[in-house]
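Undergrad:
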Amino acid sequence: MSTRSPVSVTDASAPGAIRVREHAVEVVSDSGEGAQKCGQFFGAISAKLGNGVWTVEIIPAEIQPPARTPSGASGVRIRIGSGAVTNWGDHADLVVAFNEQVLLARHRCDALAPGAIVLIESMWAEHHDERIRAQWQAAMTELASGGYRIVPVPMEQECLEIVDNARRGKNMFVLGLLAAIYDRDLDRVRAQIELGFEKKSEAIRAANIQLMERGAAWAREHLGLRVEIETVASDHDLVVMNGNQALGMGAIAAGFDFCAMYPITPATSVSHYLADVFDTVGGTLHQAEDEIAAIGAAIGASYAGKVAFTVTSGPGLALKTEFIGLAVMTEVPLVIVNVQRGGPSTGLPTKVEQSDLLAAMFGQPGDVPKVVMAPATIEECFHCMVTARRIAETFRCVVVILSDANLATGVQPFPRPQLDVEWQARRPDLSPVSERARPFDWDDRTGLSRRIIPGQPGGMHTLTGLIHDEDSKVSYAPGVNERACSMRSRKMAVLQQTLEPPRVHGAETGRLLIVGWGSTRGAIEEAVDRAREEGLAVSALHMRFLSPLEPGLKDIFRRFDQVLTVEINYSDKPDDPFVTDENRRRGQLCFVLRAQTLVDVDCWTRVPGEPLRPGRILTEIRSRIGEGVER
Amino acid sequence: MTCSLLDCGTVEERDFEMSDFEGTVARWCPGCGDHAVLSSVQRLLADERLPPEQTVFVSGIGCSSRFPHYLNTYGFHGIHGRALPLATGMKLVRPDLHTFVVMGDGDCCSIGAAHWVHAIRYNVDMVVILLDNNIYGLTKKQTSPTTPQGFGTNTQPRGSYLPALDPLSVTLGVTNASFVAQTADWAPGHLYETLRAAYRHRGFSFVRVLQRCPVWTLSIFRTAVQQPQMTELLLHEDGIGDDGTSQLYKNHLSHDPADLDRARALARAGDRVRLGLFFHDPTRPRYDALRALPVHTAEERIATLNEELDRYAV
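Protein chains in written order, with the numbering used here: chain P, 1 to 631; chain F, 632 to 945.
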């Protein structure tokens, strides 16, 4: 799929329609002006019409940073296409900006395509405040280098015809603009507004619909621009939601009925979702007093026979460390969802990063074998909860799910999950156990053992974080620790033997294999597809299980001249000062793959605080295996 | 007996001996106050006919926290300071389990202080026993928050610098406290009666047990043990009474446990040792009761979730 959109109009206000296979739209505003709501609605409507959609939110870390500042820019990119859209692409083709400062922010990080169409609130150009007029002028001078086609839109003036506070209405006016430009059925748009504001009053819904209609009418009257994107109705029933909603819904589908958490960006909206529906569906969302208590309560609930999970992000994962060790030591099943953000420390709370892989695998003192898996799409966010619960219960182990900020707020349509009653948890088995039953009756070969829970007559024992034998009795006798460690570790080997080898995207052999994990899959595979169209012998491999690793990697790696991980975490560049092959700190998956396969895997990693752009990965591919032949 | 409310048919009421609750042989030092608490607890479990499989003891880390190992019930010997979150999660999903939490002073009042404060407010139904020996025992004599000012330890050899933290005042100061009592390992009758009252309270029953450590803090409790006139018993018809204790300890103070302000004043004991029920309010909201789970079948959950998916359908 090409990302270079052949925008052929010379003046967006002149009549003209373009037909494209895909387009990327950005809506940017000050925080609190509702750009994200507008974008979410537009994305959902487009998905419902049959377009492929991927949205990415651009979120400042503060709720209401100073208005009209580049650093306070808040917005959303919606990339829509005729076929499936798997990532946010390279650049925005059309931008709606609520002021020139937030537009500058996007310009400065190279988010806009050269010549992009910009619809911008016109009130600032003629503002009574001289300083604002000066800022506008300066911004226009700086923006000139982009060659954008800038179209002023009197948003404020138009909105004031309907509402007293235009700040509260511009987003729906803009939704109307977009609906007209992209020829979205207004009945669909009205229905989406009704749904999105279902908890608001009738009056608010009506005003928002009026604002949208006014926007659409204004665009029809003043803008000739129309963008046509062919819509292809899907054969499947589809649903559309973001990754955190998918995790929450997946948790219910998987039979979880207890989630303990503490608020942390960007994980919290999983709990918002659950708080909304757990009461109806039967489940408890416990907001604990801190991250430690959250995992403690989840372990307590799981120990008592319910499958429980906790949701967190990097700093929270750090705090949960000791309890993770306890869950592994006592073999209490537990699922931990870590929606990664930039780190270390408070880091980049609202921005995407993949820097918690090693912390998830090795973050606890002592030997703490556990399962680490990473969904790559919104759909996988849903289904990984089902897989994770199964594994946690079957293997009496801890499963860490590494999602990230890109998936958390990204919206994408996917086939409606066919729910299976077998995914639901059975009620705790409280039947008596034999007096000879042991709480850790490890199978010598597999390390698996039967779980006995409180309430089962005859099964009384005390779980302990101290080294213990099959009876859960504390024992420092020779061999006890060795055996217990091996039993906990063996389970990982057994699980690994049940996993399928990962599938190569592209040819099975070639000059370069790109290996990724998590939310970067779409960008990597798009870059690989474009490179292959140029004739480059590159393929991609995406890992779902990071611990244990999926089988067959060495065989796959052997078929390529070079193996390269592409990740959103920090690594030294090979030519950085003082950096040598020996001391170079590599990407996190790269580190793991080198250790496990002894293949000289290289890495290309970036930490830009935004999702990877396929075009930049393509550039790296070209630089490694030469320019291909442009078709 | 028929349990009509839960419609679970006839439940066999079983009789137990103290020995039914004995786990492995306790490995506390000879003369440790914990032995007395263990005996009282075993007696309570037998008297109250708590089935061992329906009873769970959760603990943290320290001498106190070995407690579950010495009982033949279910137990969870967790990590330092974090017994309360484990017990909270457990009780939220399994209200049928009789839940006891045993902590030491370092466990509860230092590393686990945040959980302590919030667990008081949650008021989840559990018996919480603070075995307060005023010292870190298992790690060999370091100052704890309840170590008396001036008492020398391995970390503060010239004496503890600050006035000791008073667990009763803290507990009574937290919004939604519902049961706060103090007893002592050397007053076994009173200890038993206190644990029984705590067990019978529906909510977070906080019992501070003054507990002798024969190795590190014997001197701290010596006066209280040897001079009964140092002790004041809080008595009331709604309080905790034990004839033997009342005869030994002649200083009696009438205190209505419904009176929170006076309870807070009495907690500031000075050089007195006050034993009894400081505060009791059975009407406080219980988080576990408020969050009780309605039962949904798997089919009902699937049906609701399908309706939910409809809202997101394309």
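Don't be surprised by glycine CBs; every beta carbon is placed ideally from N, CA and C.
Using a Cβ-Cβ distance under 8 Å, would F/D727 count as near chain P?
TA: Chain P, which has a Cβ nearer than 8 Å to the Cβ of F/D727, makes this yes.
Undergrad: Anyone know if the C-beta pair for P/T55 and P/V76 falls short of 8 Å?
TA: Yes; because the gap between Cβ atoms is below 8 Å, this pair is in contact.
Undergrad: So, is the C-beta of F/M632 closer than 8 Å to a C-beta in chain P?
TA: Only weak support is given to the placement of F/M632: the predicted model assigns it a pLDDT of 35, under 50, and the value that follows is read from those uncertain coordinates. No, no contact with chain P.
Undergrad: Out of P/V102, P/W136, P/E22 and P/R451, which one is the CA nearest neighbour of P/G83?
TA: When each option's Cα is compared against that of P/G83, the closest is P/E22.
Undergrad: Can you give me, in chain order, the residues of the segment 230-241 of chain P that have a beta carbon less than 7 Å from any beta carbon in chain F?
TA: Flagged, chain order: D237, L238, V239, V240 and M241.
Undergrad: Is the beta carbon of F/S671 sitting closer than 8 Å to the one on F/L826?
TA: The answer is yes: Cβ separation under 8 Å.
Undergrad: So, at 7 Å on beta carbons, what are the nonlocal neighbours of P/G115 in its own chain, with the 5 sequence-adjacent residues on each side left out?
TA: Result list for P/G115: V7, G147, Y148 and R149, in chain order.
Undergrad: Could you tell me whether the Cβ of P/L419 comes closer than 8 Å to any Cβ of chain F?
TA: Interface residue, yes.
Undergrad: Distance check for P/E379 and P/A267, CA to CA, integer angstroms please.
TA: The alpha-carbon atoms of P/A267 and P/E379 are separated by roughly 17 Å.
Undergrad: I'd like the ranges of any beta strand (DSSP E) spanning at least 3 consecutive residues and lying wholly in the segment 534-610 of chain P.
TA: Taking only runs of at least 3 residues, the beta strand (DSSP E) segments lying wholly in the segment 534-610 of chain P are 538-543, 545-547, 560-567 and 602-605.
Undergrad: Exposed or buried, which one is P/A540 when buried takes at least 16 other CB atoms within 10 Å?
TA: Buried, since its Cβ has 16 or more Cβ neighbours within 10 Å.
Undergrad: How many angstroms separate the CA atom of P/V365 from the CA atom of P/L546?
TA: The sequence shown places Pro at residue 365 of chain P, rather than the Val named in the question. Cα to Cα, the separation comes out at about 19 Å.
Undergrad: Can you list, in chain order, the stretches of the beta strand (DSSP E) that have 3 or more residues and sit fully within the segment 901-926 of chain F?
TA: As far as the segment 901-926 of chain F is concerned, its whole beta strand (DSSP E) runs of at least 3 residues are 904-911.
Undergrad: Going by beta carbon distance, what residues of the same chain come within less than 6 Å of P/T3, once the five residues before and after it are set aside?
TA: Low confidence applies to P/T3: its pLDDT is 38, below 50, so where it sits in the model is not reliable, and the reading given next is rough at best. Once the five neighbours on either side are set aside, the close Cβ partners of P/T3 are G89 and D90.
Undergrad: Going by DSSP, name the residue or residues bridged to P/I80.
TA: P/I80 is bridged to P/H23 and P/V53.
Undergrad: What is the residue span of the alpha helix (DSSP H) that F/W747 lies within?
TA: Residues A744 to Y753.
Undergrad: Name the chain F residues that come within less than 9 Å of P/M460, Cβ to Cβ?
TA: Within chain F, the residues near P/M460 are G654, P683, E684, T686, L702, N703, T704, Y705 and G706.
Undergrad: F/A929 and P/V421 look like a contact to me (Cβ under 8 Å); what is the Cβ gap, rounded to whole Å?
TA: With 8 Å as the limit, F/A929 and P/V421 qualify as a contact, their Cβ atoms being about 5 Å apart.
Undergrad: Alpha carbon to alpha carbon, how far is P/G169 from P/I162? Give it in angstroms, no decimals.
TA: Going by the C-alpha atoms only, they are around 9 Å apart.
Undergrad: Answer yes or no: do F/L921 and F/I871 have a C-beta to C-beta separation smaller than 8 Å?
TA: No, they are not a contact pair.
Undergrad: Checking 8 Å against the spacing of the C-beta atoms, do F/D651 and F/N703 come in under that value?
TA: Against a cut-off of 8 Å, the Cβ pair of F/N703 and F/D651 comes out as a contact.
Undergrad: For P/L289, count neighbouring Cβ atoms within 10 angstroms of its own Cβ and tell me buried if that reaches 16, exposed if not.
TA: Looking at the sequence shown, residue 289 of chain P is not Leu but Glu. Classification for P/E289: buried.
Undergrad: Spatial neighbours of F/A818 within its chain, please: C-beta separation below 6 Å, excluding the five flanking residues on both sides.
TA: Within the same chain, F/A818 has close Cβ partners T876.
Undergrad: At what residue ranges does the segment 843-884 of chain F contain a whole run of the beta strand (DSSP E), taking only runs of 3 or more?
TA: Fully enclosed beta strand (DSSP E) runs of 3 or longer: 862-866.
Undergrad: Mind checking which residues open and close the beta strand (DSSP E) that includes P/R149?
TA: Run containing P/R149: R149 to V153, per the beta strand (DSSP E) assignment.
Undergrad: For F/H729, list the residues DSSP reports as bridge partners.
TA: Looking at the DSSP assignment, F/H729 forms a beta bridge with F/T686.
Undergrad: Under 8 Å, do P/Y273 and P/E291 count as touching if we go by C-beta distance?
TA: No.
Undergrad: To be precise: take each residue of the segment 263-292 of chain P, compare its Cβ to all Cβ atoms of chain F, and keep it if any distance is under 8 Å. Which residues remain?
TA: Within the segment 263-292 of chain P, the qualifying residues are V277, T280, V281, G282, G283, T284, H286, A288, E289, D290 and I292.
Undergrad: If you follow the beta strand (DSSP E) that P/T462 is in, where does it begin and where does it stop?
TA: Start and end: T462 to T464.
Undergrad: So, at 6 Å on beta carbons, what are the nonlocal neighbours of P/M123 in its own chain, with the 5 sequence-adjacent residues on each side left out?
TA: Same-chain partners within the cutoff: E156.
Undergrad: Taking Cβ positions, are F/S809 and F/P913 nearer each other than 8 Å?
TA: It is a contact, given that the beta carbons lie within the stated cut-off.
Undergrad: Taking its Cβ as the centre, do 16 or more other Cβ atoms sit within 10 Å of P/V232, making it buried, or is it exposed?
TA: It is exposed - the Cβ of P/V232 has fewer than 16 other Cβ atoms within 10 Å.
Undergrad: Can you check whether the CB of P/V239 is closer than 8 Å to the CB of F/L940?
TA: A contact, by the Cβ cut-off of 8 Å.
Undergrad: Just the C-alpha distance for P/Q135 and P/D110, rounded to the nearest angstrom, thanks.
TA: Distance between the alpha carbons of P/Q135 and P/D110 is about 20 Å.
Undergrad: List the residues of chain P that F/E939 touches, going by C-beta distances under 7 Å, in chain order.
TA: Simply M249 and V277.
Undergrad: Can you name the residues of chain P whose CB is closer than 7 Å to the CB of F/H832?
TA: Ordered by position in chain P, no residue passes the 7 Å Cβ test against F/H832, which lies about 21 Å from the chain.
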